[in-house]
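First comes the structure, then the notes that go with it.
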Amino acid sequence: MPNKVLVSIIIPVYNVRPYLSRALESCINQTIKEIEILIIDDCGNDGAIEIAKAYAKVDERIHIIHNERNLGTFGARISGVKYAKGLYICYLDADDYLEQDTCKLALNALTQSLNNPSSTSLNNHVIEKSLPDIVFFGMRFEPKSFKRMAPPVICEPLYQEEILYRVFAHCATPPWHICAKLYKASHMVAVCELIVAHMGENVRLSMAEDALQSFWLCALAQKSIGIKDKLYVYCASNVSITRKIDQHTRDKKIADISRVIDEIVNLKEVPILRANPAFKDAQTHTINILKSVRVLEHRYDGLLSNGGGGIRCLSLYLASCFGSLAFHRKWQTYVRIALALLTLGKIKI
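My numbering puts the first residue of the sequence shown at 875, with every later residue one more than the last.
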């Protein structure tokens, strides 16, 4: 293990056996070697953790943390923070991967953001306070799909309330995903402690959880920078809850989204968040987007109830799409409506 860990990569692992090797290889082969890889074992049952153990035997930078019980994505991410030794933290979902230069390019951006980068080093603790709390970078989707558009990358330096506003109140597709960013570890630790104090330790969320954690991180950040490089690769996989279509999964998604909406509404009770001048605009925009997503989750109700098509199935699909537009307008929703109408309900996405 290097004496100084610059980046801690946190990977929650739950039933991702087909994809984990790819994620780990992308971390091991980073061109910056001063990293650690924290595998958060969230009590899966597909043997994925055995793959992690095999990698850990040959690379001392890999550490496995076993949760006592399944915490879900939200809880697993937060639980891993306390074990991180890096100056910065990067989250990676186990079914995605990083480009090999991710850590190098993000850290280069950090040094360039300092007032006098030629005379400073990331290993100097004196300058830590001047480093940005968040480093944004780009993502791409594999395979490409019009249903998923990469959120904009915020490259220019932002300060205090500008960060929350630009991430949560400014964009039709907000870049509030928790991945494709570096977070200063001291900032992440402080924020996670506040989240646990506010919400408790037993919150299980697997849908819309990014918006909640990211809201805290952006609302309390003092400085952010970004680079346009698309370094995080989001991969479509069968294990993702966002891709499953069945009644149990639909109900779980809606319950999680509703919980996140309630939590974001209740953030007004947190004085340190409410004091951010951008809080109200960001909160309102976020709630509207999540309400739109929640309504849209009902678009397959007809298919789930009778297993087929027909006019009733199409009408329920269209009602869901139009209902979602009452809260937030996205061009993808208009495309969904057009395709369903033009094909008499044969194509529903």
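Ideal Cβ positions, reconstructed from N, Cα and C, are used throughout, including at glycine.
Owing to the predicted nature of the structure, the values given are computational and were not obtained by experimental measurement.
| Does the Cβ-Cβ distance between residue 955 and residue 1072 come in under 8 Å? | no
| request: Give every residue of the same chain whose Cβ lies closer than 6 Å to the Cβ of residue 911, excluding the five residues on either side of it in the sequence, and list them in chain order. | output: 883, 901, 935 and 936
| Could you give the residue range of the beta strand (DSSP E) that holds residue 938? | 936-940
| message | What does the Cβ neighbour count give for residue 1031, buried or exposed, with the cut at 16 atoms within 10 Å? | response | exposed
| field | Residues near residue 1029 by beta carbon distance below 6 Å, same chain, minus five either side | value | 1100 and 1102
| message | Along the chain, where does the alpha helix (DSSP H) containing residue 1109 start, and where does it finish? | response | It is not in any alpha helix (DSSP H) - residue 1109 instead sits in the beta strand (DSSP E) that spans 1097-1109.
| said: Assuming contact is defined by CB atoms lying nearer than 8 Å, are residue 1053 and residue 967 in contact in what I supplied? | reply: It is a contact, given that the beta carbons lie within the stated cut-off.
| query | So, using beta-carbon positions, are residue 1037 and residue 1098 closer together than 8 Å? | reply | yes
| said: Rounded to the nearest angstrom, what separates residue 1202 and residue 1126 at their Cα positions? | reply: 22 Å
| request: Return helix, strand or coil for residue 993, following the three-state DSSP convention. | output: At residue 993, the pLDDT of 41 sits below 50, so the modelled position is not reliable and the matter cannot be decided from this model.
| task | Assign residue 881 to one of three DSSP states: helix, strand, or coil. | result | strand
| message | Quick check on the DSSP output: the beta strand (DSSP E) that includes residue 1009 runs from which residue to which? | response | Segment 1008-1016, the beta strand (DSSP E) holding residue 1009.
| query | If you follow the beta strand (DSSP E) that residue 893 is part of, which residue opens it and which one closes it? | reply | For residue 893, there is no enclosing beta strand (DSSP E); the residue is found in the alpha helix (DSSP H) stretching over 891-902.
| request: Taking only the alpha-carbon atoms, compute the straight-line gap between residue 1220 and residue 1192 and give it to the nearest angstrom. | output: 13 Å
| Could you check where the alpha helix (DSSP H) with residue 978 kicks off and where it finishes? | 976-987
| task | Within 10 angstroms of the Cβ of residue 932, are there 16 or more other Cβ atoms? Answer buried if so, exposed if not. | result | exposed
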